[in-house]
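Straight run, no breaks: the sequence shown in the UniProt record's numbering ends on number 815.
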Amino acid sequence: MTKLFQSRDVILRRMVYLGIKELSPIADDVIIVTSSLTKDMTGKEDMYRAAAIRALCSITDATMLQAIERYMKQAIVDRNSAVSSAALVSSLHMMKLAPDVVKRWVNEAQEAINSDNFMVQYHALGLLYHIRKSDRLAVTKLVAKLTRMSLKSPYAVCMLIRITAKLIEEEDSGSDSHFEFIESCLRHKSEMVVYEAAHAIVNLKRTTSRELAPAISVLQLFCGSPKPTLRFAAVRTLNQVAISHPAAVTACNLDLENLITDSNRSIATLAITTLLKTGAESSVDRLMKQIATFVSEISDEFKVVVVQAIRALALKFPRKHSVLMNFLSAMLRDEGGLEYKASIADTIITIIEDNPEAKESGLAHLCEFIEDCEHVSLAVRILHLLGKEGPKTKQPSRSIMTLLAVRYIRFIYNRVILECPSIRAAAVSAMAQFGASCPDLLENIQVLLARCQMDSDDEVRDRATYYSNILSKQDKSLYNNYILDTLQVSIPSLERSLREYTQGETNESFDIKLVPLAAIPSPEEREVKHKAEGMLTSQGPARPAPVSREENFAEKLSVIPGIQELGPLFRSCEVVELTESETEYFVRCIKHCYTNHMVLQFDCLNTLSDQLLENVRVQLDPGEGYTILGEIPCAKLPYNETGTTYVLVKFPENDLPNSIGTFGAVLKFIVKDCDPTTGLPDTDEGYDDEYMLEDIEITLGDQIQKVSKVNWAAAWEEAASTSIEMEDTYSLSTMNSLDEAVKNIVQFLGLQPAERSDKVPEGKNVHTLLLAGVFRGGIDILVRAKLVYTDSVTMQLTVRSPNADVAELITSAVG
């Protein structure tokens, strides 16, 4: 290919550059190509120069970059805009390989930002920002300088708006002037800039209704634009704003209604879904009819948007569940991919969980859907839901309940006859749950399970035999532990614990209570998990489900010497910040709880460029009864790098009440002054220094892992004979409603609400909150809180636990 450099054909020469970039990953010796490209890069032929720069930088490594540094600086300020842009973009790519070299080109980039060419100015700003983005003060100065000068390039102004918005989110200081700049861009002559400014304002987390108003007005004007792109951009942004600020978007309802008949179906869909989020209950029927006229004509992507809007609407107007559920069931029968069908199923499940009145009709729609469902993972999930929710359908009489259960079982058993092994296995588990929950149907369920024991698949036969044997004992305790409340330990942790047990030398029996529990996801995490776990797409299997916090931290903590002696990790708590984010040293703490110990992990960030910290550690003033067993300091903490130090403490022995306490904390380190550009210390000797941190609180919730109880009543009844019960009454004088009381109790105790008892029915003054969890060491906890609201909230708290000290700890902690 190097011989082709002799060709004068412009198109052929540019194809050579493309070929070089494609072949560069497999080439070992590129010296000839480098010299040829350098010659073209510095030649007089402008048609070759830009392409030669891009090709040369694609084959240049960090060691070779200094050889062409002089040429790159010249190219950045070249009079030819194509050459200058090529050099700037290539410099941006070279930042990944040799950031220190590219940082020396900052003067040339600043000169290029004054260019009259739109793209050169845009690329120069991009390079300047990436050179300075790790230095917050430098970025602030850059923004302050550029907001005072009028950038000619609308692309550069858009990027400046994004940088400014990011600064506003990161820091409060100077945010007023930054916001004024973004707001001034709403009056820019370029529509692109005006939209970017409006988009930035509505997406700022701390935007008030007054600050939001001008941006909403601009988007409202765009809704009436003759350009489809502007209408689409405006209505899509309003659709997103309607989630967090529905009242602000209400002013645009008339404009949005005019877009319902837009010829572009994507715009019409977004307009209707936005109206669904902001409209009144009386308009739901009309809007649903309008959607039905064209929903079959839009893509799956926008059908998902419609479904998400219906989900929000169902939660907002629960009395409209019948209309919305019928519409969703019609969408389920239409053609569509897995993501689209899964979003509908998720919405129906959400409605069922939030509105008990919708359970029967929702389950009926899902039963009909699995008759023709072609997605295995979705059918398995629906069968699991039928087994969990079907037996709990509330009906006025036992006979009607039995008839409903029989109907669900018929749908489930059809899957055993007609479907693949995965679905058949899920159907067997669902039938067993009916057998455990409905004594009237137990004999019939046993007959069906006996038939399943002759299945051709091993998994189906094993499940049928397993459940049949348990059901034949007619023991509610067995039903509860092995059918209704399945194994809730973390599977990776169980595998690791079994491997360590088999490899170790011990005569003690394996204790499954010491295996960490699987973390129960929050509603937001559950949404992400539904999309990740078991979902297949047309491109192949989806990514595996995300790893839990405990599993993730267990791997990282395993490298600490002696950590294995503490036993398995029980719980890793949320991050707690011990300093403000803009201080000299930023420190945050993560508490890792074991059976008798706690490891405190401190992540430290040095934000001073003229200091190198060494021997960084946190000195604790422990609470009463706690013992500090050791610490692992961070040897070196350079500027803008995060280092970690650990402290190991032991819980108070035989004194559970004192396990709730507060630690004083001081960050201690050796300071060495250094050169800000190189990071090298000026001297080998440093001086001791310290920095006060916020106190660290060890709470009750830090020592408890949440557990989901499908049949809480059965577990409570079983615990009556095996646990210690303690009861007390409290006046929650600071709580102004049952909702507030429930949220605070759940958060304080760190237990998992059962049977949706964390949702207080509207208009009720009496409520019972049911909670379950496990205390460190594998000690079960069940809590029942009876709440009454008059002028304030009164609570009768009953705790059942096998350990009297744990039960006493909970009652005393609340008091």
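A virtual CB, placed ideally from N, CA and C, is assigned to each residue, including glycine.
In the DSSP assignment, residue 645 forms a beta bridge with 602.
Residue pairing by DSSP places residue 674 opposite 681 in a beta bridge. Below 8 Å, enough C-beta pairs join the stretch 414 to 430 and the stretch 461 to 471 to call them touching: three or more. In this structure the stretch 718 to 733 does not lie against the stretch 682 to 692, because fewer than three pairs of beta carbons, one per stretch, are closer than 8 Å. Under the 10 Å beta carbon count, residue 149 is surrounded by fewer than 16 other beta carbons and is classified as exposed. Contact between the stretch 737 to 744 and the stretch 690 to 707 is absent: fewer than three C-beta pairs spanning the two stretches fall below 8 Å. Per DSSP, residue 47 has no beta bridge partner at all. Beyond the five residues adjoining it in sequence on each side, residue 486 comes within less than 6 Å, by CB distance, of no other residue in the same chain. Just so you know, the alpha carbons of residue 509 and residue 660 end up roughly 32 Å apart.
Spatial neighbours of residue 804 in its own chain (CB-CB distance under 7 Å, excluding positions within 5 residues in sequence) are listed in chain order as 724. Counting only runs of at least 4 residues, the stretch 251 to 277 fully encloses the following alpha helix (DSSP H) elements, listed from N- to C-terminal order: 253 to 258. Rounded to whole angstroms, the gap between the alpha carbons of residue 43 and residue 72 is 13 Å. Check the Cα spacing between residue 749 and each of 213, 379, 814 and 187: the tightest is with 814. For residue 362, no beta strand (DSSP E) encloses it; the enclosing alpha helix (DSSP H) starts and ends at 359 to 371. Residue 772 has its alpha-carbon roughly 15 Å from the corresponding atom of residue 726. For residue 478, the closest alpha carbon among the candidates 711, 144, 170 and 103 is that of 711. Looking at the DSSP output, residue 692 bridges to 666. With fewer than 16 other CB atoms across the displayed protein chains lying within 10 angstroms of its CB, residue 104 is exposed. With respect to the 9 Å criterion, residue 331 and residue 307 are classified as neighbours on the basis of their beta carbons.
A straight line joining the alpha-carbon of residue 342 with that of residue 328 spans about 12 Å. The three-state secondary structure of residue 140, taken from DSSP, is helix. Following the DSSP letters along the chain, one finds residue 795 inside the beta strand (DSSP E) bounded by residues 793 to 801. Contact annotation, residue 88 with residue 120: C-beta distance approximately 7 Å; criterion of less than 8 Å satisfied. In this structure, 113 is the residue among 117, 113 and 134 with its C-alpha nearest to the C-alpha of residue 126.
A direct Cα-Cα distance of roughly 33 Å separates residue 69 from residue 605. The criterion of a C-beta distance shorter than 9 Å is satisfied by residue 291 and residue 269. Residue pairing by DSSP places residue 728 opposite 797 in a beta bridge. One Cα belongs to residue 210, the other to residue 618, and the distance between them is close to 44 Å. In summary, residue 115 is buried, with 16 or more beta-carbon neighbours lying within 10 Å of its beta-carbon over all protein chains present. A straight-line Cα-Cα distance of about 27 Å links residue 63 and residue 612. When the Cα atoms are used, residue 111 and residue 86 turn out to be separated by approximately 15 Å.
If you ignore the 5 residues before and after residue 472, its C-beta comes within less than 8 Å of the C-beta of 446, all in its own chain and listed in chain order.
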